[in-house]
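Protein chains in written order, with my numbering: chain A, 791 to 932; chain B, 791 to 932; chain C, 791 to 932; chain D, 791 to 932.
There are 4 protein chains.
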Amino acid sequence: MYIHETQLRVRYGETDQMGYLYYGNYALYYEVGRTESLRSLGFSYKGLEEIGIMLPVVHLQSEYFRPAFYDDLVTIRTRLEQLPEKSEITFVSELFNEKGKLLNRGRVTLVFYDKAQKKKTLMPQSLYDALAPYYQEKSSFM
Amino acid sequence: MYIHETQLRVRYGETDQMGYLYYGNYALYYEVGRTESLRSLGFSYKGLEEIGIMLPVVHLQSEYFRPAFYDDLVTIRTRLEQLPEKSEITFVSELFNEKGKLLNRGRVTLVFYDKAQKKKTLMPQSLYDALAPYYQEKSSFM
Amino acid sequence: MYIHETQLRVRYGETDQMGYLYYGNYALYYEVGRTESLRSLGFSYKGLEEIGIMLPVVHLQSEYFRPAFYDDLVTIRTRLEQLPEKSEITFVSELFNEKGKLLNRGRVTLVFYDKAQKKKTLMPQSLYDALAPYYQEKSSFM
Amino acid sequence: MYIHETQLRVRYGETDQMGYLYYGNYALYYEVGRTESLRSLGFSYKGLEEIGIMLPVVHLQSEYFRPAFYDDLVTIRTRLEQLPEKSEITFVSELFNEKGKLLNRGRVTLVFYDKAQKKKTLMPQSLYDALAPYYQEKSSFM
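In structure tokens, the structure reads:
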């Protein structure tokens with residue numbers, strides 16, 4: 791399984807009047823987690839778009855366990871639970887505060903979409919090749 | 791069942807470089823739907839906070855069916871599927887474009903939280919009284 | 791002079807932990823003011839992009855007199871102080887709360903930019919024609 | 791003069807459909823620049839609030855020279871041009887892309903505000919003491 795960690799600090803403008811990181815802003819944190827996890831594999835989200843593949847989100851699920859506060863340094867642990875199949879890829883992001891407490895868990899499913907052909911497409915082979923080694927044991931049972 | 795509709799127009803700053811309403815910004819649309827549905831019942835979210843009750847989000851689920859684009863006039867249909875029980879309240883929001891096509895469905899669960907006592911609390915009686923008439927038939931079977 | 795008014799209600803997600811409309815979010819309010827003032831002239835910002843003209847911002851100035859709070863119904867008064875010249879257009883937006891108090895004044899300058907030619911361009915003639923009648927007296931002195 | 795640098799990467803959700811960092815989102819970048827410049831002096835914005843001092847923005851000016859794009863690694867150079875006087879503090883932030891090109895310059899003035907007394911207050915002595923050494927030469931001429 792591929793797991794990657796990155797950190798973000800909660801901005802003032804991301805809080806709401808409760809003093810919490812606004813519930814809609816977690817989506818930005820998941821996004822950064824996805825982008826950085828792909829970058830660590832040598833992939834860029836931006837590069838995918840440049841070859842005509844977009845990755846719109848089709849499903850999002852978030853569980854909020856504890857609030858994140860202004861200036862908290864949040865660790866985002868992003869994982870791909872399984873090798874993506876067909877056109878979809880699902881990332882799970884867990885956010886932790888500086889004490890290691892789990893704040894939030896998000897699950898985001900995106901679709902590989904061919905901009906020119908205006909339809910779903912398969913995951914690029916190069917991304918598959920980069921990810922496959924992390925799922926070999928599992929695939930050996932398949 | 792209580793159902794309420796309001797409309798919002800997609801702002802330029804809410805789109806992303808795909809030209810879509812960014813997936814994290816739907817949370818703001820659900821929020822407006824919740825606020826306006828409560829207002830139409832004579833309730834204000836703001837007023838709840840003023841009496842010391844906060845409503846943090848504990849769960850969010852979003853399904854994205856079609857993109858919303860800049861300047862689209864989006865109809866937000868917000869409903870409470872059932873009379874809230876105990877400390878939780880769940881709103882379902884469906885977003886439609888001007889052609890009546892379903893763009894997105896969101897399900898948001900919030901918790902009534904007593905700010906002074908720092909713990910979950912029951913839904914205020916006044917809100918229960920405002921909502922109960924919409925669920926009478928159902929409750930007569932209970 | 792062309793003046794137009796529209797209203798927006800402050801969203802929870804737009805506030806910060808001070809309980810104020812976050813200072814960066816006023817830009818969204820100015821944007822809505824600009825869009826709606828153009829719409830009231832029969833123009834759409836979206837339409838401009840569809841004919842290949844973009845309007846990136848080149849200058850912004852904001853004065854913050856009083857905070858806007860969650861759920862405030864804010865009136866945005868947008869005006870074009872003078873008929874745009876050459877490639878630039880400057881909108882002034884004044885925001886008022888429900889008591890008529892001035893909260894904020896913003897001045898935003900945008901540039902007509904030809905996407906295909908990748909350079910500044912003149913204001914479309916049709917927009918000039920729609921605006922000119924509001925500035926005739928002034929131009930008679932020129 | 792006190793100068794500090796920090797870096798941020800442009801998020802997808804911060805772009806707009808032009809593919810530019812949305813003009814309103816620069817305010818968040820300036821905010822991070824201010825926060826990190828204070829932190830490097832041993833100060834925390836958060837700590838100021840905890841002792842009852844808020845720092846609302848009263849003036850903002852932005853010049854946009856070149857767009858910032860998705861995934862650009864932006865360097866934010868934040869400086870205090872002069873030792874703050876009385877109740878106001880003005881930060882200048884210059885944003886550069888990876889090629890060292892100047893993208894944007896922002897000037898933000900904030901006011902030290904005593905939350906309990908509900909009025910302007912002086913800059914805390916401890917912040918003055920931390921900053922003063924960077925302005926000694928200048929003040930020796932005064």
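Beta carbons are placed, not taken as given, at the ideal position from N, Cα and C, and that holds for glycine.
_I need the straight-line Cα distance from Y819 of chain B to A858 of chain B, nearest angstrom please._
12 Å
*Under 8 Å by Cβ, that's how I've got E840 of chain B and R895 of chain B pegged, so tell me the actual separation to the nearest angstrom.*
That belief does not hold up - the Cβ atoms of E840 of chain B and R895 of chain B are roughly 31 Å apart, past 8 Å.
*Just how far apart, CA to CA, sit S827 of chain A and L850 of chain A?*
18 Å
*asked:* Which residues in chain B have a C-beta closer than 7 Å to the C-beta of L818 of chain C? List them in chain order.
replied: Chain order gives the chain B residues near L818 of chain C as R801, G803, where near means a beta carbon separation below 7 Å.
*Please check if any C-beta of chain C sits within less than 8 Å of the C-beta of K908 of chain B.*
no
*Have a look at D:G823, D:E804, D:G803, D:T805 and flag the residue whose alpha-carbon is nearest the alpha-carbon of V882 of chain D.*
D:G823
*Nearest-angstrom Cα distance between I879 of chain B and Q915 of chain C?*
Computed Cα separation, rounded: 53 Å.
_What does DSSP give as the partner residue(s) for K909 of chain B in the beta ladder?_
Paired residues: B:D904.
*Does S827 of chain B get closer than 8 Å to chain C when you measure Cβ to Cβ?*
It does not: the Cβ of S827 of chain B has no partner Cβ on chain C nearer than 8 Å.
*asked:* My output table needs one value for R867 of chain B: the three-state DSSP class, helix, strand or coil.
replied: strand
*asked:* Alpha carbons only, please: which of D:L917, D:K910, D:R801, D:E871 is nearest the one belonging to E837 of chain D?
replied: Going by the sequence as given, residue 837 of chain D is Gly instead of Glu. Comparing Cα positions, the closest option is D:L917.
*Expressed to the nearest angstrom, what Euclidean distance is found between the alpha-carbon atoms of S930 of chain C and V848 of chain C?*
Because the pLDDT at S930 of chain C is just 46, under 50, the model does not fix this residue reliably, and the value given afterwards should be weighed accordingly. The straight-line gap separating the alpha-carbon atoms of S930 of chain C and V848 of chain C is approximately 30 Å.
*asked:* Any beta carbon from chain D within less than 8 Å of E821 of chain A's own beta carbon?
replied: So, interface residue.
*asked:* Is the separation between the beta-carbon of T805 of chain B and that of L811 of chain B shorter than 8 Å?
replied: yes
*Please list the segments of the alpha helix (DSSP H) lying wholly inside the segment 799-873 of chain C, counting only runs of 4 or more residues, in order along the chain.*
Counting whole runs of 4 or more residues, the segment 799-873 of chain C contains the alpha helix (DSSP H) stretches 816-830, 835-840.
_I793 of chain A classed as buried or exposed, judged by whether at least 16 other C-beta atoms fall within 10 angstroms_ = exposed
_Is D861 of chain B close to chain C? Criterion is C-beta to C-beta, closer than 8 Å._
It does; some Cβ of chain C falls within 8 Å.
*What do you reckon, are the CB atoms on F893 of chain C and R867 of chain C nearer than 8 Å?*
In the sequence under discussion, the amino acid at residue 893 of chain C is Leu, which differs from the Phe named in the question. For L893 of chain C and R867 of chain C, no; Cβs fall outside 8 Å.
*Are the C-beta atoms of S883 of chain D and some chain A residue less than 8 Å apart?*
no
*Using a C-beta to C-beta distance shorter than 7 Å, which residues of chain B count as neighbours of K836 of chain C?*
Y860, D861
*asked:* Considering just the uninterrupted stretch of the alpha helix (DSSP H) at S916 of chain D, what are its terminal residues?
replied: Taken as a continuous stretch (DSSP letters only), the alpha helix (DSSP H) holding S916 of chain D covers 915-921.
*Hey, does D919 of chain B have any beta-carbon neighbour from chain D nearer than 8 Å?*
no
*asked:* On the CB-based measure, 16 or more other CB atoms within 10 Å of its CB, does M913 of chain D come out buried or exposed?
replied: buried
*Please check if any C-beta of chain A sits within less than 8 Å of the C-beta of V848 of chain B.*
Cβ-Cβ to chain A under 8 Å: yes for V848 of chain B.
*Grab the span of the beta strand (DSSP E) containing E875 of chain C for me, first residue to last.*
Run containing E875 of chain C: none; DSSP gives neither H nor E here.
_Separation of Y924 of chain D from E875 of chain D, as counted between CA atoms_ = 15 Å
*List the residues that DSSP assigns as beta-bridge partners of N894 of chain A.*
According to DSSP, N894 of chain A bridges with A:Y854, A:L885.
*asked:* Here's a check: name, in chain order, each residue in its chain whose Cβ is nearer than 8 Å to the Cβ of A906 of chain D, leaving out the five neighbours to either side.
replied: G842
*Distance between Q807 of chain D and M808 of chain B (C-alpha atoms, nearest Å)*: Rounded to the nearest angstrom, the two C-alpha atoms are 6 Å apart.
*Report yes or no: is there a C-beta of chain B within less than 8 Å of the C-beta of G814 of chain D?*
yes
*When the distance is taken between beta carbons, is A920 of chain B closer than 8 Å to G814 of chain B?*
Taking a C-beta distance under 8 Å as the contact criterion, G814 of chain B and A920 of chain B do not qualify as a contact pair.
*Could you tell me which residues DSSP puts in a beta bridge with Q797 of chain D?*
D:T865
*Under 8 Å between C-beta atoms, does G809 of chain D make it to chain B?*
Residue contact check for G809 of chain D against chain B: a CB pair falls below 8 Å.
_Let me see if you follow: with CB-CB separation under 8 Å, is S852 of chain A close to chain B or not?_
Yes, contact with chain B.
*Measure from the C-beta of M913 of chain C to each C-beta in chain D and report whether the shortest distance is under 8 Å.*
Interface criterion not met: the Cβ of M913 of chain C is under 8 Å from no Cβ in chain D.
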